[in-house]
Amino acid sequence: MSSHQHSSFHITSSQLHLNWSKSLTPVMTVPSGSEITFDLRDGGNLQIRPDNAATSLSDFDFSQADPAQGPIYIDTAEPGDVLKIEFLDLVPGSYGWTAIFPGFGLLSDEFPDPVLKIWDLSPSKKTATFKSGIEVPVRPFLGIVGVAPAVEGELSTIPPYAKSGGNMDCRDLSRKGSTLYLPVNVPGALFSCGDGHAAQGDGEVCGTAIETTMKVRLRLTVEKRSLRQERGYAIQCPHFVTPPPTKEDVEARMAAESKGEYAVLGIHEDMREATRMAVRGMIDWLEAEKGLTRVEAYMLASVGAGLKFAEVVDMPNFGVVCSMPLSVFVE
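One gets our numbering by counting positions in the sequence shown from 1 and adding 129 to each.
Right, dumping it as structure tokens:
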């Protein structure tokens, strides 16, 4: 891809939409294989900033949240094809934020009050300081990556969708070096993305990650239906490939694993309640052993904890693990 082609396709921060729809007018048309750059707003649509931190949560308008930027029409993309999205570069903004909103989040019934944290995301830092002695590794990715749905009408940008992606909030799916495959539902695919995150734990349990603006470069390539037919399967939901670790990744992982992790196993007949139990147990431990307030512990779990199923076959109960790398505690 020549530098001229690279620079010719750019999406500005004003080219956005707040619903998914196959009726949206594309902001540009590009050939398959194009590299495109984006100046992305954050998931709060720039409503939360250091200069208005004191009032931003009380004034927050949820109807303006989770903007997606685009849509982009990709030549030759037709229903039944697959759109291949390669994430080439992601650069967070200079600050980020994490918030607890009343009525939103995995434990919203236990955390009724609004709380906001502003993070310093200075480019020279590989971690973001949660508080003295606690550092969260910066691992940028996009929360929103999607294409238009085939259904009539409009869909909210807040939840994800099996056939078109959207606000998937999966921290490995859209980081630098990853490749995502989405089914094409409408002519041109109508691709959009947004919701930059500097870091996030699995589950984004308090409802937010380290939300930030993002400068992004990616490549969009159409894989025709015939290619998948030759391989004998179809893409019915998002598939993705993560990149091999760099030397820096390996060193960081070894350093993290050398300190181990603390984990809690939630067990319940309902998957959601098993997850709530595990996260609640992690909050209890962070509060008692690490001196955090419950609100701080909930936020730290949201930006730094891991979640995984331990088992899903021994009915009637499910096992869900919430883990925290002990490497985040640097003192």
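Even glycine gets a Cβ: it sits at the ideal position worked out from N, Cα and C. Being a predicted model, the structure only gives us computed values, none of them experimental.
Check: Could you check what DSSP says for S321 in three-state terms: helix, strand or coil?; Outcome: strand
Check: Quick check on the DSSP output: the beta strand (DSSP E) that includes I247 runs from which residue to which?; Outcome: 244-249
Check: What do you reckon, are the CB atoms on V273 and D324 nearer than 8 Å?; Outcome: The residue asked about is misnamed: residue 273 is Ile in this sequence, not Val. In this structure, D324 lies closer than 8 Å to I273 by Cβ.
Check: What is the DSSP secondary structure of V432, counted as helix, strand or coil?; Outcome: helix
Check: From the DSSP output, read off the bridge partner residues of I229.; Outcome: V244
Check: Classify H135 as helix, strand or coil using the three-state DSSP reduction.; Outcome: Unreliable positioning characterises H135 in this predicted model, as indicated by a pLDDT of 43, which lies under 50. A coordinate reading is not provided.
Check: Can you tell me whether E460 sits near the ligand NAP, meaning its C-beta is under 7 Å from at least one heavy atom of the ligand?; Outcome: Summarising the ligand content, the structure contains no ligands, and the ligand NAP is consequently not present.
Check: Could you name each continuous alpha helix (DSSP H) segment of 4 residues or more that falls completely within the stretch 360-440, going from the start of the chain to the end?; Outcome: 376-386, 400-419, 423-433
Check: For G275, which beta-bridge partners are listed by DSSP?; Outcome: G294, S321
Check: Please return the same chain residues whose Cβ sits closer than 6 Å to the Cβ of T337, not counting the five positions on each side in sequence.; Outcome: T227, A228
Check: With 16 other CB atoms within 10 Å as the buried threshold, where does S185 fall?; Outcome: buried
Check: So the beta strand (DSSP E) V450 belongs to, where does it begin and stop?; Outcome: 447-454
Check: Compare the beta carbon distance of A318 and A392 with 8 Å and say whether it is the shorter of the two.; Outcome: no
Check: Where does the unbroken beta strand (DSSP E) through P160 begin, and where does it stop?; Outcome: Looking at the DSSP string, P160 is not in any beta strand (DSSP E), and its letter there is neither H nor E.
Check: Buried or exposed: where does R401 fall if 16 or more other Cβ atoms within 10 Å of its Cβ makes it buried?; Outcome: exposed
Check: Would a C-beta distance cut-off of 8 Å place I339 and A257 closer than the cut-off?; Outcome: yes
Check: How would you label A417, buried or exposed, when you count the other beta carbons within 10 angstroms and need 16 or more for buried?; Outcome: exposed
Check: Which one or two residues does DSSP pair with G284 in a beta bridge?; Outcome: According to the sequence displayed, residue 284 carries Leu and not Gly. W149.
Check: Of all the options G361, V379, C299, P454, which has the alpha carbon lying nearest to the alpha carbon of L415?; Outcome: P454
Check: Give the range of the beta strand (DSSP E) segment to which D218 is assigned.; Outcome: 211-221
Check: Please report the residue range of the beta strand (DSSP E) in which T258 lies.; Outcome: 256-260
Check: Need the endpoints of the beta strand (DSSP E) that A197 sits in, please.; Outcome: 197-203
Check: What do you get for C451, buried or exposed, if any count of 16 or more other CB atoms within 10 angstroms of its CB means buried?; Outcome: buried
Check: Could you spell out the range, first to last residue, of the beta strand (DSSP E) harbouring V457?; Outcome: Here V457 belongs to no beta strand (DSSP E), and DSSP marks it neither H nor E.
Check: Compute the distance between the beta-carbons of I177 and L271, then report whether it is under 8 Å.; Outcome: no
Check: Which same chain residues end up closer than 6 Å to E283 when comparing Cβ atoms and leaving out the 5 residues on each side of it in sequence?; Outcome: N148, S150
Check: Which class does P252 belong to by DSSP, given the choice of helix, strand or coil?; Outcome: coil
Check: So, at 7 Å on beta carbons, what are the nonlocal neighbours of F233 in its own chain, with the 5 sequence-adjacent residues on each side left out?; Outcome: G336
Check: How big is the Cα-Cα spacing for V211 and C299?; Outcome: 20 Å
Check: Given a cut-off of 8 Å on the beta-carbon distance, is the pair F438 and V449 in contact?; Outcome: yes
Check: Report yes if the C-beta distance between N314 and P278 is below 8 Å; otherwise report no.; Outcome: yes
Check: Over what stretch of residues does the beta strand (DSSP E) that includes E333 continue unbroken?; Outcome: Neither: E333 is in no beta strand (DSSP E) and is coded neither H nor E.
Check: Using the rule of at least 16 other Cβ atoms within 10 Å of the residue's Cβ for burial, across every protein chain shown, is S143 buried or exposed?; Outcome: exposed
Check: DSSP on L356, reduced to helix/strand/coil?; Outcome: helix
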